[in-house]
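Student:
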Amino acid sequence: MKITDIKTFIMKGGNRNWVFCKVETDEGVHGWGEGTLERHELAVESGIKTLASRLIGRDPTQIERNWQIMYRHGFWRGGVVMGSAMAAIDIALWDVTGKLYNLPVYKMLGGAVRDRVRAYTHAGDLRGGWDAVDQGFTAFKTGGWDLSKKAFHESDVVDDLHEKIKEMRNYLGPDIQIMIDNHGRSRPSLANRQIAAVEEFNITFFEEPIAPDNLDAMEQIRAAGHKTDIATGERLFFRYGFRDILYRRLTDVIQPDIAHTGGISEIRRIASMAEIEYIKFAPHNPNGPIATAASVHVCATVPNFLILETARDMPWHDKVQTTPLEIKDGYFELPTAPGLGTDIDESIFAQRPFDPDEAAGFGSWNAEDGSPTDV
């Protein structure tokens, strides 16, 4: 079997555009991958095309060899754009191989260690929390900053967050798990005050308290001695980007994104690195259906898995799949069909063409004085 083509598609998914690739072979078996990266879709598409030129004519089932070729044969390594392009192709190669051997991907990864995969969704406010519970979820994540304001007001953030989480906990009860995503917006001292302000509400984890660039600053979060678990990792790439934060144990939960950090092949290695440091694995995944399916297969096999993110505010998530993944009572059921266990209806692409303004809200917030700030 040989790879004959690697095609790219960008679809307006709702709140973001999804970047897909389709690996085609000379035996008629195809596989789907995803490298969604909001506001950088065209760059990822170009990256996929660059990598495709190295793989056409090669055996798609030689997944690790192909991964190493993509990573090593261009001299320049790493970064979120090429990491996302690699991820899309790598996921598609696993899909092709599973279909060829008539096995779900998780079977090829050594088999599942759990019967189903627990998931959480998003809730911006109490109403969103109720919606999540109504959908059967027993866990959701909300933001650490009030985005209804036109600018970020650091002076208000601690009290605003305390009142928001207090309301959610009071109305939803003690059994619903609440997570907070700070999106790296705070300085260490402010993040410490935010975490302290919500500790009484039994938060499952506090995500990206500060930007991921400075691990010494993460030590300031650690030194505060919070009882709330810290989570981070969506903006770290490849195992080399995770090495220091894991070995220094600066986080309790690691959150690599399968669509950005080299796909199925690489995210499993990162999970294993976290396992030996007794750090939980909770993949970042506000992505489309193929990245979600790939994440489900990996999470089924990872011993230190905690919970998987999924964005259920995008109806096209299911509509573009020929066989949507099933979620029951907040858990993904394990697919039984070969490969990823789902496929894409390409006719939907024409109905939902790429929209460069679809994710315009990402990355456009400012501080009180109008200066650009972290999103």
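With my numbering, the residue at position 270 of the sequence shown is 284, and numbering never jumps.
The beta-carbon is built from N, C-alpha and C at its ideal position, and this holds for glycine as well.
1) What do you get for residue 64, buried or exposed, if any count of 16 or more other CB atoms within 10 angstroms of its CB means buried?
2) Any idea what DSSP makes of residue 25, helix, strand or coil?
3) Hey, is the region 218-226 in contact with the region 201-210, meaning 3+ C-beta pairs nearer than 8 Å?
4) What are the start and end residues of the alpha helix (DSSP H) that includes residue 112?
5) Looking at the strands, I want to know which residues DSSP matches up with residue 45.
6) Can you give me the start and stop residues for the alpha helix (DSSP H) that residue 315 sits inside?
7) Of all the options 251, 250 and 236, which has the alpha carbon lying nearest to the alpha carbon of residue 244?
8) Per the contact definition of three or more C-beta pairs closer than 8 Å, is the region 89-97 in contact with the region 282-290?
9) In three-state terms, what does DSSP make of residue 118?
10) Is there contact here, the region 295-310 with the region 266-285, by at least three beta-carbon pairs under 8 Å?
11) Using C-beta distances below 7 Å, list every residue in its chain close to residue 107, excluding the 5 sequence neighbours before and after it, in chain order.
12) Just list the residues that DSSP pairs residue 298 with in beta bridges.
13) Of all the options 298, 134 and 312, which has the alpha carbon lying nearest to the alpha carbon of residue 150?
14) In chain order, what residues of the same chain have a beta carbon less than 6 Å from the beta carbon of residue 109, not counting five sequence neighbours either side?
15) Check whether the Cβ of residue 323 lies closer than 8 Å to any Cβ atom in chain B.
16) Assign residue 98 to buried or exposed, taking buried as 16 or more other Cβ atoms, counted over all protein chains shown, within 10 Å of its Cβ.
17) Jot down the residue ranges of each uninterrupted alpha helix (DSSP H) in the region 202-257, minimum 4 residues, whole runs only, in chain order.
18) According to the Cβ coordinates, are residue 217 and residue 194 closer than 8 Å?
19) Identify the continuous beta strand (DSSP E) that holds residue 277 and give its terminal residues.
20) By the three-class DSSP mapping on this structure, what secondary structure does residue 172 have?
21) Find out if the Cβ-Cβ distance for the pair residue 17, residue 56 is shorter than 8 Å.
22) Report yes or no: do the region 135-149 and the region 348-367 share at least 3 C-beta pairs separated by less than 8 Å?
23) Between 327, 103 and 349, which has its C-alpha nearest residue 28's C-alpha?
24) Buried or exposed for residue 196, going by 16 or more other Cβ atoms inside 10 Å?
25) Rounded to a whole number of angstroms, what is the C-alpha to C-alpha distance between residue 34 and residue 335?
26) At what residues does the beta strand (DSSP E) containing residue 131 begin and finish?
27) Please classify residue 290 as buried or exposed, where buried requires at least 16 neighbouring CB atoms within 10 angstroms.
28) Per DSSP, what are the beta-bridge partners of residue 71 in this structure?
29) Assuming residue 155 and residue 52 form a contact by the criterion Cβ under 8 Å, report the distance between their Cβ atoms to the nearest whole angstrom.
30) Report the rounded CA-to-CA distance for residue 228 versus residue 43, giving the unit in angstroms.
31) Evaluate residue 50 with the Cβ neighbour count: other Cβ atoms within 10 Å of its Cβ, from every protein chain shown; 16 or more gives buried, anything less gives exposed.
32) Between which two residues does the beta strand (DSSP E) containing residue 347 stretch?
33) So, for residue 88: in the same chain, excluding its five sequence neighbours on each side, which residues have a beta-carbon less than 7 Å away from its beta-carbon?
34) List the endpoints of the continuous alpha helix (DSSP H) containing residue 143.
35) Hey, how far is the Cα of residue 344 from the Cα of residue 318?
36) In the DSSP assignment, the beta strand (DSSP E) including residue 191 goes from what residue to what residue?
Tutor: Concretely, from the data shown:
1) exposed
2) strand
3) Yes: at least three Cβ pairs fall under 8 Å.
4) 94-115
5) 37
6) 303-315
7) 236
8) no
9) strand
10) yes
11) 37, 45, 74, 77 and 80
12) According to DSSP, residue pairing for residue 298 in a beta bridge involves 271.
13) By alpha-carbon distance to residue 150, the top candidate from 298, 134 and 312 is 134.
14) 45, 46, 353 and 354
15) Checking the listed chains, one finds no chain B in this structure; it contains a single protein chain.
16) The residue is buried, with at least 16 neighbouring Cβ atoms inside 10 Å.
17) With a minimum length of 4 residues, the continuous alpha helix (DSSP H) runs that stay inside the region 202-257 are 202-212 and 229-237.
18) Yes, Cβ-Cβ distance for residue 217 and residue 194 is below 8 Å.
19) Per DSSP, residue 277 belongs to no beta strand (DSSP E); it is in the alpha helix (DSSP H), 277-289.
20) DSSP, read as helix, strand or coil, puts residue 172 in helix.
21) no
22) no
23) 327
24) buried
25) 12 Å
26) Annotation for residue 131: the continuous beta strand (DSSP E) segment containing it runs 130-136.
27) exposed
28) DSSP lists no beta-bridge partner residue for residue 71.
29) Not confirmed; about 17 Å, so no contact.
30) 44 Å
31) buried
32) 345-347
33) none
34) 140-148
35) 19 Å
36) For residue 191, the enclosing beta strand (DSSP E) begins and ends at 191-195.
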